[in-house]
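**Student:**
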Amino acid sequence: MGFNRQNVELALKEASESNPGAWAGHSRYVAKACKNLSAR
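Using this note's numbering, the letters of the sequence shown map in sequence onto residues 2 to 41.
#1: What's the C-alpha gap between G26 and K14?
#2: To the nearest angstrom, how far is it from the Cα of N5 to the Cα of A34?
#3: Under the three-state reduction of DSSP, which class applies to R6: helix, strand or coil?
#4: Keeping to the same chain, check which residues put their C-beta closer than 8 Å to that of R29; ignore five residues upstream and five downstream.
#5: Could you give the residue range of the alpha helix (DSSP H) that holds A32?
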């Protein structure tokens, strides 16, 4: 599996379904922060 947004979102969805918790939302927040920082 290569790293692109679609593959990562799918992997995160599958992982959060098998292991629910606040970590999934945190991971999305961190990804958004990284995207914003890299756009500067």
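Glycine included, each C-beta is placed from N, C-alpha and C at the ideal position.
**Tutor:** In this structure, then:
#1: Your numbering for residue 26 matches position 25 in the sequence shown. Your numbering for residue 14 matches position 13 in the sequence shown. Each residue's alpha carbon lies about 10 Å from the other.
#2: Residue numbering aside, residue 5 sits at position 4 when the sequence shown is read from its first letter. Residue numbering aside, residue 34 sits at position 33 when the sequence shown is read from its first letter. Taking the straight line from one Cα to the other gives about 16 Å.
#3: As a first step, residue 6 must be located in the sequence shown, where it is residue number 5. The answer is helix: DSSP assigns R6 an H, G or I state.
#4: As a working note, residue 29 is residue 28 in the sequence shown. Closer than 8 Å at the Cβ level, and outside the excluded window around R29, lie L13.
#5: Along the sequence shown, read from residue 1 onward, the residue named residue 32 stands at position 31. Element bounds for A32: 24-39.
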